[in-house]
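A.B. asks:
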Amino acid sequence: ETGVTQSPTHLIKTRGQQVTLRCSSQSGHNTVSWYQQALGQGPQFIFQYYREEENGRGNFPPRFSGLQFPNYSSELNVNALELDDSALYLCASSLVASGENIQYFGAGTRLSVL
Amino acid sequence: AQSVTQLDSQVPVFEEAPVELRCNYSSSVSVYLFWYVQYPNQGLQLLLKYLSGSTLVKGINGFEAEFNKSQTSFHLRKPSVHISDTAEYFCAVSRIKAAGNKLTFGGGTRVLVKP
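Chain order of the listed sequences is F and R. Per this note's numbering, the first sequence starts with residue 1, numbered consecutively. Per this note's numbering, the second sequence starts with residue 1001, numbered consecutively.
Here it is as structure tokens:
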């Protein structure tokens, strides 16, 4: 158990809808990263939040957006859902100290877009 | 930019036999190296990490990995596998001491342990 919790565990949406995924970071961690894992592939970095600001972004369109709250929890929002957005979305929390940035993952939210 | 290649997409192995999962990386800067395991319908669990020091790293569940800078490799080994080691294994890298380190993952190696 890493102490990183994600909700919901599963979600079904239709194309064009919007979705919000939530993540509670491990106690003491100040950074949250989001990853998309398509079926049969490795996770791909979406973005990272540190001190409530975006701190690095992968190759994802602007319809993927996020928030980090003062308690370091985070949300991932995806607008105008497309079929290819179907994936496991993983949240990872870490403590940015000494540059090590070891990331601990939650169990993920499985999103299906029909 | 960094990239990670896991040379085997699937590795079948008999119980109590040894296993080696191969990982090669490419980076223009120094990196940290990680192996994560993903059991069915679960998130990623950190197996082990190389940050600095000894190039032979021991992790959880009897796994170990060796960092080879000249060959840019970080292969994972276990001398005797159990049925419970059936899972997908991911090699990952991140830049050293860079704020906002993202993890760059390989495509994964699926290990199937047979009785």
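Note that CB positions come from ideal geometry on N, CA and C, so glycine has one too.
By how many angstroms is the C-alpha of residue 1045 (chain R) removed from the C-alpha of residue 109 (chain F)?
C.D. replies: 16 angstroms
A.B. asks: Can you name the residues that DSSP bridges to residue 110 (chain F)?
C.D. replies: F:10, F:88
A.B. asks: Alpha carbon to alpha carbon, how far is residue 39 (chain F) from residue 24 (chain F)? Give it in angstroms, no decimals.
C.D. replies: 24 angstroms
A.B. asks: I'd like the span of the beta strand (DSSP E) that includes residue 1069 (chain R), first residue to last.
C.D. replies: Segment: none, residue 1069 (chain R) is in no beta strand (DSSP E) and carries neither H nor E.
A.B. asks: Under 8 angstroms Cβ-Cβ, which residues of chain F neighbour residue 1042 (chain R)?
C.D. replies: 107, 108
A.B. asks: Using the three-state DSSP reduction, which class does residue 1061 (chain R) fall into: helix, strand or coil?
C.D. replies: helix
A.B. asks: Could you tell me which residues DSSP puts in a beta bridge with residue 80 (chain F)?
C.D. replies: Looking at the DSSP assignment, residue 80 (chain F) forms no beta bridge with any residue, so it has no partner.
A.B. asks: Give the secondary structure of residue 1080 (chain R) by DSSP, where H, G and I count as helix, E and B as strand, and everything else as coil.
C.D. replies: coil
A.B. asks: CB-CB under 8 angstroms to residue 27 (chain F), same chain, minus the five flanking residues each way: which ones, in chain order?
C.D. replies: 3
A.B. asks: Between which two residues does the beta strand (DSSP E) holding residue 1024 (chain R) run?
C.D. replies: 1023-1026
A.B. asks: Using C-beta distances below 6 angstroms, list every residue in its chain close to residue 10 (chain F), excluding the 5 sequence neighbours before and after it, in chain order.
C.D. replies: 110
A.B. asks: Verify the CB distance criterion: does residue 1106 (chain R) have a CB-CB separation below 8 angstroms to chain F?
C.D. replies: yes
A.B. asks: Does the pairing of the segment 1065-1083 of chain R with the segment 1003-1022 of chain R give three or more beta-carbon distances under 8 angstroms?
C.D. replies: yes
A.B. asks: Is it buried or exposed for residue 12 (chain F), if we count other Cβ within 10 angstroms and need 16 for buried?
C.D. replies: exposed
A.B. asks: Would residue 1089 (chain R) pass as a contact of residue 1108 (chain R) if the rule is Cβ separation under 8 angstroms?
C.D. replies: yes
A.B. asks: Return the first residue and the last residue of the beta strand (DSSP E) that residue 15 (chain F) is part of.
C.D. replies: Unbroken run through residue 15 (chain F): none, as it is neither H nor E.
A.B. asks: Could you give the distance in angstroms between the alpha-carbon of residue 1062 (chain R) and the alpha-carbon of residue 69 (chain F)?
C.D. replies: A straight-line Cα-Cα distance of about 38 angstroms links residue 1062 (chain R) and residue 69 (chain F).
A.B. asks: Can you name the residues of chain C whose CB is closer than 8 angstroms to the CB of residue 12 (chain F)?
C.D. replies: Absent here is chain C; the protein component of the structure consists of chains F and R.
A.B. asks: So that I know if they touch, is there some Cβ in chain R lying closer than 8 angstroms to that of residue 124 (chain F)?
C.D. replies: Past the boundaries of the shown model lies residue 124 (chain F); chain F is included only from 1 to 114, so the question cannot be answered.
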